[in-house]
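Trainee: Just so you know, we're using full-length UniProt numbering here: the sequence shown kicks off at 1 and counts up by one.
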Amino acid sequence: MLDTAPRLTSPWPSWPDVPGTGLASVPPDKPFTRAQARAAASRSVGPGGEWDVLTDHREWNHGPLALPAEPAAWYQLAAGGGWQSAVADTSHPIAHDIVTSRSQHLPGLTAAWCSLPFAVPVLCAPTTGPGMAALQTAVKAASAEGLPLQRMVVALTAPGEGRLPAAVKAGATMLQSQVSAVVVVPFDPHIRNHGMAQANRLGRRTAEAGTALVAAVLASAHRTWGDPLPPAAVPAGLSTAHSDSVQPGPEGVLTS
Numbered sequence: 001m002l003d004t005a006p007r008l009t010s011p012w013p014s015w016p017d018v019p020g021t022g023l024a025s026v027p028p029d030k031p032f033t034r035a036q037a038r039a040a041a042s043r044s045v046g047p048g049g050e051w052d053v054l055t056d057h058r059e060w061n062h063g064p065l066a067l068p069a070e071p072a073a074w075y076q077l078a079a080g081g082g083w084q085s086a087v088a089d090t091s092h093p094i095a096h097d098i099v100t101s102r103s104q105h106l107p108g109l110t111a112a113w114c115s116l117p118f119a120v121p122v123l124c125a126p127t128t129g130p131g132m133a134a135l136q137t138a139v140k141a142a143s144a145e146g147l148p149l150q151r152m153v154v155a156l157t158a159p160g161e162g163r164l165p166a167a168v169k170a171g172a173t174m175l176q177s178q179v180s181a182v183v184v185v186p187f188d189p190h191i192r193n194h195g196m197a198q199a200n201r202l203g204r205r206t207a208e209a210g211t212a213l214v215a216a217v218l219a220s221a222h223r224t225w226g227d228p229l230p231p232a233a234v235p236a237g238l239s240t241a242h243s244d245s246v247q248p249g250p251e252g253v254l255t256s
């Protein structure tokens, strides 16, 4: 899991069970080895096992970390660490980014994330009227910009118990013909109280929704690129055949 948000705006630093050395230990302008990338990752334990989290978990009074803005730099970090798959938790406002890049004729972050090898975008929104309206605006902007809607997966997260509002149901039905899949993540009191901390205590329905979401992402990738997926591109600066014990030298540099 790649936490791309600034430390004081992100909940991820406090969620993992076992902290790693953190993103500060792999600065974007320095070479790094696979062992260093792995050591930087914190560990979280959930219903399906463990996962690694690359986040900046330093104390609040430390100066801001210079995180790379380019999605390709995060892809390079994940590839350098040897992870088979990665989830990037992005923090930029999607619709605003798309419209800004479109009006100013500049490259946008959303388009850059979508262009990464085997990238399946996941749009998240709460199951509320305003949440659905914001999601529909983002989808319109993505469609106007020619972004791969047919590859995208939508995750609708319920902020409370009860049935979905009629506007949300109608919106989800309309989206099903535009995107690859729509998955509803039910309300979980544990997430309301603790976020993703102690993730092994997530509710059964939440775990099932997570499984469905992963399946939807994989299905989208397989429809787009085939099953099994071909080998992913190796970023420049990374060795295609490396071993920490044989080749202790630098394996990559984050570039922004």
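By construction, the Cβ of each residue, glycine as well, lies at the ideal position given by its N, Cα and C atoms. If you're wondering where the values come from, they're calculated on a predicted model, not measured in any experiment.
According to DSSP, simplified to helix, strand and coil, what is Trp51?
Mentor: strand
Trainee: Can you look up Ala88 in the DSSP assignment and give me helix, strand or coil?
Mentor: strand
Trainee: On a Cα-Cα basis, can you pick out the residue from Pro189, Ala144, Val139, Leu147 that is closest to Met174?
Mentor: Val139
Trainee: Among Pro68, Pro16, Thr33, Gln84, which one has its Cα closest to the Cα of Arg43?
Mentor: It is Pro16.
Trainee: Going by CA-CA distance only, name the one from Trp12, Leu147, Pro6 that's closest to Gly195.
Mentor: Trp12
Trainee: Between Phe187 and the rest of its own chain, which residues show a CB-CB distance below 7 Å, the 5 nearest in sequence each way excluded?
Mentor: Ala158, Pro159, Gly160, Glu161
Trainee: Check whether the Cβ atoms of Pro165 and Thr137 lie closer than 8 Å to each other.
Mentor: Going by C-beta atoms, Pro165 is not nearer than 8 Å to Thr137.
Trainee: Hey, Ala219 and Ala172 are a contact pair by Cβ (cut 8 Å); roughly how many whole angstroms apart?
Mentor: 18 Å between Cβ atoms; not a contact.
Trainee: Could you give the C-beta distance for Val154 and Leu123, rounded to a whole number, given that I count them as a contact under 8 Å?
Mentor: 5 Å
Trainee: So, at 8 Å on beta carbons, what are the nonlocal neighbours of Trp83 in its own chain, with the 5 sequence-adjacent residues on each side left out?
Mentor: Asp52
Trainee: Restricting to Cα atoms, I'd like to know which of Ala134, Leu156, Ala112 is closest to Leu147.
Mentor: Ala112
Trainee: For Thr157, does the three-state DSSP call read helix, strand or coil?
Mentor: strand
Trainee: Could you give the distance in angstroms between the alpha-carbon of Ala241 and the alpha-carbon of Ala134?
Mentor: Since pLDDT at Ala241 reaches only 40, below the 50 mark, its modelled position is unreliable, and the value read off the structure follows with that caveat. Taken atom to atom, the span from the alpha-carbon of Ala241 to that of Ala134 is near 44 Å.
Trainee: For the region 149 to 204, list the beta strand (DSSP E) runs that are entirely contained and at least 3 residues long, ordered along the chain.
Mentor: 153 to 157, 181 to 185
Trainee: Take the Cβ of Pro6 as the centre, count every other Cβ of all protein chains shown within 10 Å, and call the residue buried at 16 or more, exposed below.
Mentor: exposed
Trainee: Look at Val18 and Ala40 and say whether their C-beta atoms are less than 8 Å apart.
Mentor: The answer is no: Cβ separation not under 8 Å.
Trainee: Assuming Ala221 contacts Val99 under a Cβ cut-off of 8 Å, what Cβ separation, rounded to an integer in Å, is found between them?
Mentor: Not confirmed; about 27 Å, so no contact.
Trainee: Between the Cα of Ala232 and those of Thr33, Gly49, Asn193, Ala78, spot the shortest distance and give me the residue it belongs to.
Mentor: Ala78
Trainee: What is the DSSP secondary structure of Arg43, counted as helix, strand or coil?
Mentor: Note: Arg43 maps to strand in three-state DSSP.
Trainee: What residues match up with Leu2 in a beta bridge as DSSP calls it?
Mentor: Beta-bridge analysis with DSSP links Leu2 to Leu54, Ala88.
Trainee: Assign Gln104 to buried or exposed, taking buried as 16 or more other Cβ atoms, counted over all protein chains shown, within 10 Å of its Cβ.
Mentor: exposed
Trainee: Per DSSP, what kind of secondary structure is Thr9 in: helix, strand or coil?
Mentor: helix
Trainee: Straight-line CA distance for Thr4 to Thr90?
Mentor: About 6 Å.
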